[in-house]
Amino acid sequence: MLRSSAAPDRNSPLCQSARLPACAVLLVLALAGCGRLPGESLFLRGQKELARGKLVRANQLFEKAARENPTDAVIQNYLGYTYWKLAKPDLAREAFEKSRRFNDALPDSAYNLGVVLAHQGQTAEATNLLLEAARLAPTDWRPPAYLGYVHERRKRWGEALEAYECARELAPDSPAVATAIANCLYRQGKLDDAHDALMAVLEKEPAYAPALYNLAVIYRDGLKRNGQAAMYLERYLEAAGKDPHVKNARVALQALRPPSEPPPARPPATTPAEPAPAPQPPRRPAEPATEPAPVQAADTAPRTATPAPDPTPASRPAEPAARERSEPAPTPQPPRESDPSRAERSSFAQAQAAIGREDYDVALIALKRIVSSNPHYADPLWELALLYDRHLDNPGKARETYRDFADQFPGDARAADARARSAAAPADEGRPARPETSRTARDPQAALENFKRGRFYQEHNRLTRAIQYYVKALENDDTFAPAYYNLGVAYRSRGDLALARDAYQAALRIQPDMTNARYNLALVFRDLSDPENAKTHLKYVLRAAPDYAPGHFALAQIYADNEDTFAVARAHYQSYLRLAPNGPYAPRARRWLSLYGNR
Numbered sequence: 013m014l015r016s017s018a019a020p021d022r023n024s025p026l027c028q029s030a031r032l033p034a035c036a037v038l039l040v041l042a043l044a045g046c047g048r049l050p051g052e053s054l055f056l057r058g059q060k061e062l063a064r065g066k067l068v069r070a071n072q073l074f075e076k077a078a079r080e081n082p083t084d085a086v087i088q089n090y091l092g093y094t095y096w097k098l099a100k101p102d103l104a105r106e107a108f109e110k111s112r113r114f115n116d117a118l119p120d121s122a123y124n125l126g127v128v129l130a131h132q133g134q135t136a137e138a139t140n141l142l143l144e145a146a147r148l149a150p151t152d153w154r155p156p157a158y159l160g161y162v163h164e165r166r167k168r169w170g171e172a173l174e175a176y177e178c179a180r181e182l183a184p185d186s187p188a189v190a191t192a193i194a195n196c197l198y199r200q201g202k203l204d205d206a207h208d209a210l211m212a213v214l215e216k217e218p219a220y221a222p223a224l225y226n227l228a229v230i231y232r233d234g235l236k237r238n239g240q241a242a243m244y245l246e247r248y249l250e251a252a253g254k255d256p257h258v259k260n261a262r263v264a265l266q267a268l269r270p271p272s273e274p275p276p277a278r279p280p281a282t283t284p285a286e287p288a289p290a291p292q293p294p295r296r297p298a299e300p301a302t303e304p305a306p307v308q309a310a311d312t313a314p315r316t317a318t319p320a321p322d323p324t325p326a327s328r329p330a331e332p333a334a335r336e337r338s339e340p341a342p343t344p345q346p347p348r349e350s351d352p353s354r355a356e357r358s359s360f361a362q363a364q365a366a367i368g369r370e371d372y373d374v375a376l377i378a379l380k381r382i383v384s385s386n387p388h389y390a391d392p393l394w395e396l397a398l399l400y401d402r403h404l405d406n407p408g409k410a411r412e413t414y415r416d417f418a419d420q421f422p423g424d425a426r427a428a429d430a431r432a433r434s435a436a437a438p439a440d441e442g443r444p445a446r447p448e449t450s451r452t453a454r455d456p457q458a459a460l461e462n463f464k465r466g467r468f469y470q471e472h473n474r475l476t477r478a479i480q481y482y483v484k485a486l487e488n489d490d491t492f493a494p495a496y497y498n499l500g501v502a503y504r505s506r507g508d509l510a511l512a513r514d515a516y517q518a519a520l521r522i523q524p525d526m527t528n529a530r531y532n533l534a535l536v537f538r539d540l541s542d543p544e545n546a547k548t549h550l551k552y553v554l555r556a557a558p559d560y561a562p563g564h565f566a567l568a569q570i571y572a573d574n575e576d577t578f579a580v581a582r583a584h585y586q587s588y589l590r591l592a593p594n595g596p597y598a599p600r601a602r603r604w605l606s607l608y609g610n611r
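My numbering numbers the first residue of the sequence shown as 13 and each following residue consecutively.
Put into structure tokens, the structure is as follows:
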């Protein structure tokens, strides 16, 4: 229930400096006034050119200013910054080192030199400089954030998390820092905490691309919920612009949802007395709902959203003011169950509203946050159990949360119900794909309406809701083959292969010539490590449609698993290339033939 502790050690040097009060902020001296310093005019002109984005001109002016005043630390810092932006890291490093030599109390040159050294692989020196920058500028979030990035590159997730937590204290609203924390939690195997952290980012900034990308990876690789992963990848691609992960996201999305997949069956155009069977497949049937061989994404790791390695010039500082000790505030005690705060009541109402509009992820984050902050408030814990049970299709979590409720609130009127629910199997666990329905109770019109609702939710990637409506449609009419087919597609998207198999088989019992269902059933058998059944159904598909290229490719892959059947695999790969020379699997077919075609 409560989030696992990921807080850093507050006695570490970094966190001690990060908690210093605002009186330690560096003072800024005015650059104008009586008595200009040597090179001052050139420096000011360089600043103006830099602000206008004219890097080359700004660099030239800073070089001239440095020649007139070669020991000015701030001029050297600006000069290093423009060298860095002009992709001259060695000159940038030399200028930052001079700035440090002339004034070792300037935090920006310490930070900038740390960035350059980290970029050049000198991690130990970079770490020391970033710690020094954090000490000199205790209210600046950049040094601890970049230190977190340095630890991430070394796969030191615990140290990275500690640094990012310190940065978050200084920049609590930074989506980049929060997303980097989520990445560290994911790397430590704390999937729920990482998921919650990213959802919290998206509550504030729904279009923040790194959070959308990382959430898609968690759903795909951690939670194995491909439908949700595809939805967040699509949202990422809408928001990403020129983000460098766009290409990887498109590849990953294609693997989750191939462009060739057939849409789930649609309801008949008219409303007959009984639902019409699915239309007969053409000689070349639609592409399958799942591709023959999964395409591996080029980038399977979550993206680390850390500050870009971009040094920033500083104003001319005075010596830092004396630092004062600050004692941490005492931890507030949670209110009693009978007296939740107004903010908690408001958050609970917002969570209930999110459930009402079927925004279940937002509701989950809000409820878990309330339960964590006030474990004596019964209503959010009960609502959280119902959310797991009724909407998130997570029976294990539902039972655990009901059990927690019964243990924490034994005197509550709902405790007995919670104990019963925690001991019982969920209502839909083990439900067969083919509901039992008596012919006299069939209601084709109600079946059609529920089918349409299921199709709507499936199009919007709400698979649990779609499945619920398809099951209702089949309870109204268990001869409605398109509902079984769509149920199979939904189960397959969710990773429930056994239920997908049962649904496709039920569709084929009603309509044996539904080629898409038979093809998808073959792929499910293949994924269930049952190649013989997979081959049987693929051969059936190719007898009905001999020029169906994906069927040849899928069959070739199965035969290619055994060296004794390489000749059969070769024939099917060749058939695929003849029918689809530019098809999506053509490169793989040619590669196999080049390696094993002569065996």
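Don't be surprised by glycine CBs; every beta carbon is placed ideally from N, CA and C.
Residue range of the alpha helix (DSSP H) that includes residue i
i	result
LYS254	Element bounds for LYS254: n/a, residue is neither H nor E.
TYR389	Per DSSP, TYR389 belongs to no alpha helix (DSSP H) and is neither H nor E.
ALA130	119-131
GLU217	First-last for GLU217: undefined, no H or E at that position.
THR548	543-556
GLN523	First-last for GLN523: undefined, no H or E at that position.
GLY500	493-506
LEU184	Going by the sequence as given, residue 184 is Pro instead of Leu. That residue, PRO184, is in no alpha helix (DSSP H); it is neither H nor E in DSSP.
Exposure of residue i, with buried meaning 16 or more beta-carbon neighbours within 10 Å
i	result
LEU379	buried
GLU171	buried
SER505	buried
PHE468	exposed
ASP514	buried
GLU575	exposed
PRO593	exposed
ASN89	buried
ASN226	buried
SER359	buried
ALA309	Any reading at ALA309 must be qualified, since the residue scores a pLDDT of 24, below 50, and its modelled position is unreliable; no value is offered.
Reduced DSSP category for residue i - H, G, I as helix; E, B as strand; rest coil
i	result
ALA439	Annotation note: pLDDT 42 at ALA439 (below 50); position unreliable, coordinate value reported separately. The answer is coil: DSSP assigns ALA439 none of H, G, I, E or B.
ALA418	helix
SER353	coil
LEU398	helix
ARG369	coil
ASN473	coil
ASN594	coil
TYR560	coil
PHE537	helix
ASP490	coil
HIS403	coil
ASN610	coil
ALA228	helix
LYS202	coil
ALA478	helix
ARG247	helix
Residue i versus the options, residue with shortest Cα-Cα distance
i	options	result
THR476	LEU511, ASP489, ALA427, HIS403	HIS403
TYR560	ALA583, ALA579, SER587, GLU575	SER587
LYS110	LEU540, TYR123, PRO82	PRO82
ALA264	ASP233, ALA251, ARG474	ASP233
ASN545	GLN517, ALA241, SER121	GLN517
ALA566	ASP576, ARG247, PRO543	PRO543
PHE74	LEU540, GLU177, GLY51	GLY51
LEU56	ILE87, LEU67, PRO156	ILE87
PRO558	GLN266, PHE108, HIS584, ALA579	HIS584
VAL374	ALA179, ASP208, ARG431	ASP208
GLU177	ARG166, ALA194, ARG165	ALA194
GLY408	PHE360, VAL213, SER434, ARG590	SER434
VAL127	ALA117, LEU118, ALA138, GLU217	ALA138
MET526	GLU106, PHE492, ARG112, ARG247	PHE492
C-beta neighbour in chain C for residue i, strict 8 Å
i	result
SER434	The chain inventory of the structure shown lacks chain C, comprising one protein chain alone.
Cβ-heavy atom distance, residue i to the ligand FAD, below 7 Å
i	result
ASP84	Inclusion of the ligand FAD in the displayed structure is not the case, the ligand content being empty and no account of it being possible.
| Counting only runs that start and end within the stretch 140-167, where is the alpha helix (DSSP H) found for 4 or more residues in a row? | If we require 4 residues or more, the alpha helix (DSSP H) runs fully inside the stretch 140-167 come out as 154-165.
| field | Whole runs of the beta strand (DSSP E) within the stretch 49-134, excluding any shorter than 3 residues | value | Complete beta strand (DSSP E) runs here, min 3: none at all.
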